[in-house]
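If you're matching positions, the sequence shown starts at 1 in full-length UniProt numbering and goes up one per residue.
Structure, as structure tokens:
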Amino acid sequence: MPRGRKRVPGGGGRQSSNYQREVETYLKRLERENKRKRIYEWLKDREHIESVCSSSVKAGLKVIRKVGTATTISTAGEEALKEWVLSLREEGVPVSRLMLQLKRQGLRILAKTRPGQKKPADVEADAKEFWKNVAQVEEELGVEKVYNADQSGVCFEYVPKHTISEKGAKTVWVRCGGKDKERLIERV
């Protein structure tokens with residue numbers, strides 16, 4: 001037995017609203033305006049469209065942006081970067097992403113040459129005390145010559161893990177001594 005109310009014959013169910021006329025005319029007007037704008041854009045870009053359609057590769061594309069759209073660096077700047085990378089690659093110098101970004105922005109890697117620390121107030125007294133101790137040790141040991149020594153870390157063969165090369169290159173040549181990375185303490 002069916003559930004719910006009995007169906008009345010010839011009722012037809014719920015009726016749809018009669019707003020079709022208004023919506024249709026509004027949408028048709030919008031559609032017409034969009035088509036008109038698109039045709040005028042095509043007329044303005046006629047030469048570009050014809051040049052693109054002349055090549056069979058680009059003829060099937062729906063959207064073709066003009067050269068230079070959405071770029072952050074000018075074409076001349078890109079060419080200069082490309083030449084710079086190629087010249088370094090010919091010499092066997094590995095080019096890292098950081099080097100490329102710094103070159104693009106016209107920056108260099110700079111290191112501080114002088115820390116510029118302030119001396120404490122009692123540094124003179126400490127220095128005099130140190131030299132008295134050195135003189136005392138010299139007399140005790142009978143030392144005639146005293147040498148100054150300093151240690152600093154030196155890296156040899158720093159070869160980056162990633163480098164930039166031409167697209168599709170099978171091998172990338174990098175000048176190195178055959179070692180990955182070695183460190184050494186140098187005494188000066």
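Built from N, CA and C at the ideal position, the CB exists for glycine as well.
Beta-carbon separation of H48 and S96 under 8 Å? One thing to note: H48 has its Cβ no nearer than 8 Å to the Cβ of S96.
So what's S51 in DSSP terms, helix, strand or just coil? S51 carries a helical assignment under DSSP once its states are collapsed to helix, strand and coil.
DSSP state of S152 mapped onto helix, strand, coil: When DSSP states are grouped into helix, strand and coil, S152 belongs to the strand group.
Terminal residues of the alpha helix (DSSP H) in which D126 lies: Residues 123-141.
Using 8 Å for Cβ pairs, my map puts L100 next to L81. What's the rounded Cβ distance? Going by Cβ atoms, the distance from L100 to L81 rounds to 7 Å, so yes, they are a contact pair.
In this structure, how does DSSP classify A169 when only helix, strand and coil are distinguished? DSSP, read as helix, strand or coil, puts A169 in coil.
Please name the residue in D122, E139, C53, E140 whose C-alpha comes closest to that of K62. Across the set D122, E139, C53, E140, the C-alpha of C53 shows the shortest separation from the C-alpha of K62.
With 16 as the cutoff for other CB atoms within 10 Å, does P120 come out buried or exposed? P120 should be labelled exposed.
Run the CB neighbour count on P94, radius 10 Å, all protein chains shown included, and call it buried at 16 or more, exposed below. The C-beta of P94 has 16 or more other C-beta atoms within 10 Å across all chains shown, which makes the residue buried.
G10 versus G4: straight-line alpha-carbon distance, rounded: When rounded, the distance between both Cα atoms is 18 Å.
Specify the secondary structure class of I64 as computed by DSSP and reduced to three states. In this structure, I64 counts as coil in the three-state DSSP scheme.
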